[in-house]
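Notes to accompany the following structure.
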Amino acid sequence: MVGKVLCLAGSPEMPGAAQLTLRAAQRGGAGLVALAIFQTEMVDRITPTVPEAVFLDVSRTRDLYAGRLPREIGEYPCDARVAGPGLNSSGRTRELVRRLVEDDFKGPLILDADALNVLAGVPELLTMSQSQVILTPHPGEAERLLDRVVPKDRDGRIEFALETSLRSGAMCVLKGNGTVVTDGRSVYVNESGCPAMATAGTGDVLSGLIGAYTAWSACLDGEGFSTFDAVVSAVHTHGLAGDLASADLGERGVIASDLIGYLGPAQLQLAKGVKASR
Numbered sequence: 002m003v004g005k006v007l008c009l010a011g012s013p014e015m016p017g018a019a020q021l022t023l024r025a026a027q028r029g030g031a032g033l034v035a036l037a038i039f040q041t042e043m044v045d046r047i048t049p050t051v052p053e054a055v056f057l058d059v060s061r062t063r064d065l066y067a068g069r070l071p072r073e074i075g076e077y078p079c080d081a082r083v084a085g086p087g088l089n090s091s092g093r094t095r096e097l098v099r100r101l102v103e104d105d106f107k108g109p110l111i112l113d114a115d116a117l118n119v120l121a122g123v124p125e126l127l128t129m130s131q132s133q134v135i136l137t138p139h140p141g142e143a144e145r146l147l148d149r150v151v152p153k154d155r156d157g158r159i160e161f162a163l164e165t166s167l168r169s170g171a172m173c174v175l176k177g178n179g180t181v182v183t184d185g186r187s188v189y190v191n192e193s194g195c196p197a198m199a200t201a202g203t204g205d206v207l208s209g210l211i212g213a214y215t216a217w218s219a220c221l222d223g224e225g226f227s228t229f230d231a232v233v234s235a236v237h238t239h240g241l242a243g244d245l246a247s248a249d250l251g252e253r254g255v256i257a258s259d260l261i262g263y264l265g266p267a268q269l270q271l272a273k274g275v276k277a278s279r
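Heads up: the sequence shown begins at 2 in this note's numbering, then just goes up one per residue.
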């Protein structure tokens, strides 16, 4: 267990998004997972299902509206940040994403869901970031980001992901059948996963898992396990967890929270495979 992950996720309307993100980061091996709380009632909604999490209360800060990242977030010692799942597309989310992008944090910054929606049409804003930005859009979010339709064929999806990465200066994880991961140079097309994963919340699980794996990479300073390697590993492990869940529960019976229970077996299976191949 290594690495600290700070999550900026969830809202009173969508507390489950934060729960899934936090639990996936924990199951992914993060040593400590924290959640920034913008509404105090979120603590009571999340604590019963994620008792190991640490909470940062930023509900009283006015910093965002003064053009600053809240001190509690900016000074929190973490190795990776995950922002977006369940935040909603409010003006506060827009300001939060802008301040995260402008901050001097140099570690991985995973942007998903509503953190992507507030960047619709302007991915170039991310080029100013000092962080290692990782975008994790599903096709709908990707279309809003670049303001054009995502092709359905493999080559078209690769081209779209490359364009997203080049325009934003960020790594792109274009989710879907054959998730594409690219940093603008290297390209990986994932082969794990199944139709059972096409259900609400699985993207939140992936965001948390990428947070854990990239935090691990950051702690290693990329030695033998780069940020790109970490993201590829998280995507493949996430898909394998879906495969295992579908095999046990049936394609129609899988929900996002089931994937978290299969992250352990998926990681164990992959670890055994690595040892066997050496």
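By construction, the Cβ of each residue, glycine as well, lies at the ideal position given by its N, Cα and C atoms.
- Item | Neighbourhood of V151 by C-beta distance below 6 angstroms, restricted to the same chain and skipping five residues each side | Hits under 6 angstroms: P140, A143, E144 and F161.
- Query: Looking only at its own chain, which residues have a Cβ that is under 8 angstroms from the Cβ of P13, when we skip the five neighbours before and after it?
  - Reply: Q40, E42, M43 and R46, listed in sequence order.
- Task: Within the segment 141 to 171, note down every full beta strand (DSSP E) run reaching 3 residues or more, in order along the chain.
- Result: Qualifying beta strand (DSSP E) stretches: none in this window.
- Message: If you reduce the DSSP assignment to three classes, tell me which class L221 lands in.
- Response: The three-state secondary structure of L221, taken from DSSP, is coil.
- Of the listed residues Y189, V102, R168 and Y77, nearest to K176 (C-alpha basis): When only C-alpha atoms are compared, the closest one is Y189.
- Message: Let's test the definition: count the other Cβ atoms within 10 Å of the Cβ of L136 and tell me whether it reaches 16, buried, or not, exposed.
- Response: Around the beta carbon of L136, 16 or more other beta carbons lie within 10 angstroms, which makes this residue buried.
- Query: From this set, S132, S60 and Q268, which residue's C-alpha is nearest L210's C-alpha?
  - Reply: The shortest Cα separation from L210 among S132, S60 and Q268 belongs to Q268.
- Continuous alpha helix (DSSP H) stretch holding V181: start and end: Element bounds for V181: not the alpha helix (DSSP H) but the beta strand (DSSP E), V181 to T183.
- In whole angstroms, what is the alpha-carbon distance linking K1 and S91? Residue 1 falls outside the range modelled here, since the chain spans only 2 to 279, and no answer is possible.
- Message: Quick check: the Cα distance between V236 and T203, rounded to an integer number of angstroms?
- Response: The alpha-carbon atoms of V236 and T203 are separated by roughly 11 angstroms.
- Message: Below 8 angstroms on the Cβ atoms is my contact criterion, and I expect I111 with G212 to pass it. Report the Cβ-Cβ distance as a whole number of Å.
- Response: At roughly 6 angstroms, the Cβ-Cβ gap stays under 8 angstroms, so I111 and G212 are in contact.
- Query: Among all the DSSP beta bridges, which residues are the ones paired with I211?
  - Reply: None; I211 has no bridge partner.
- Does the segment 97 to 113 come close enough to the segment 70 to 84 to have 3 or more Cβ pairs within less than 8 angstroms? Proximity of the segment 97 to 113 to the segment 70 to 84 meets the contact definition, three or more beta-carbon pairs being nearer than 8 angstroms.
- Task: Answer with buried or exposed for Y263, where buried requires no fewer than 16 other C-beta atoms within 10 angstroms of its C-beta.
- Result: By the 10 Å Cβ count, Y263 comes out buried.
- Message: Between A114, L127 and G4, which has its C-alpha nearest A18's C-alpha?
- Response: Ranking the options by Cα distance to A18, first place goes to A114.
- Message: Can you confirm whether the segment 115 to 123 touches the segment 210 to 230 when touching is taken to mean that 3 or more C-beta pairs between the two stretches lie within less than 8 angstroms?
- Response: The segment 210 to 230 is not in contact with the segment 115 to 123.
- State yes or no: is the C-beta of L117 within less than 8 angstroms of the C-beta of G87? Inclusion of L117 and G87 in the CB contact set at 8 angstroms is not warranted, their separation being larger than that value.
- Message: Less than 8 angstroms between C-beta atoms, sequence neighbours within five positions excluded: which residues of the same chain meet that for T1?
- Response: A question about residue 1 goes unanswered here, because the residues of the chain that appear run from 2 up to 279.
- Task: Grab me the residues of L250's own chain with a C-beta within less than 7 angstroms of its C-beta, minus the 5 sequence neighbours each way, in chain order.
- Result: Closer than 7 angstroms at the Cβ level, and outside the excluded window around L250, lie D259.
- Query: CB-CB under 6 angstroms to L167, same chain, minus the five flanking residues each way: which ones, in chain order?
  - Reply: Excluding residues within five positions, the ones whose Cβ falls inside 6 angstroms are G185.
- Query: Taking DSSP as the reference, what is the three-state secondary structure of I47?
  - Reply: DSSP places I47 in the helix class (H, G or I) of the three-state scheme.
- Exposed or buried, what is S187 when buried is set at 16 or more other beta-carbons lying within 10 Å of its beta-carbon? By the neighbour-count criterion, in which 16 or more other beta carbons inside 10 Å mark a residue as buried, S187 falls on the exposed side.
- Decide if Y214 is buried, meaning its Cβ has at least 16 other Cβ atoms within 10 Å, or exposed. Buried is the call here.
- Every unbroken alpha helix (DSSP H) within the segment 56 to 104, with a cutoff of 4 residues, ordered by chain: The segment 56 to 104 is shown to contain whole alpha helix (DSSP H) runs of 4 or more residues at 72 to 75 and 92 to 103, in chain order.
- S130 versus D104 - alpha carbon distance: Distance between the alpha carbons of S130 and D104: 7 angstroms.
- Task: Enumerate in chain order the residues of its own chain whose CB-to-CB distance from L207 is below 6 angstroms, with the five nearest sequence positions on each side excluded.
- Result: So the qualifying residues of the chain are H239.
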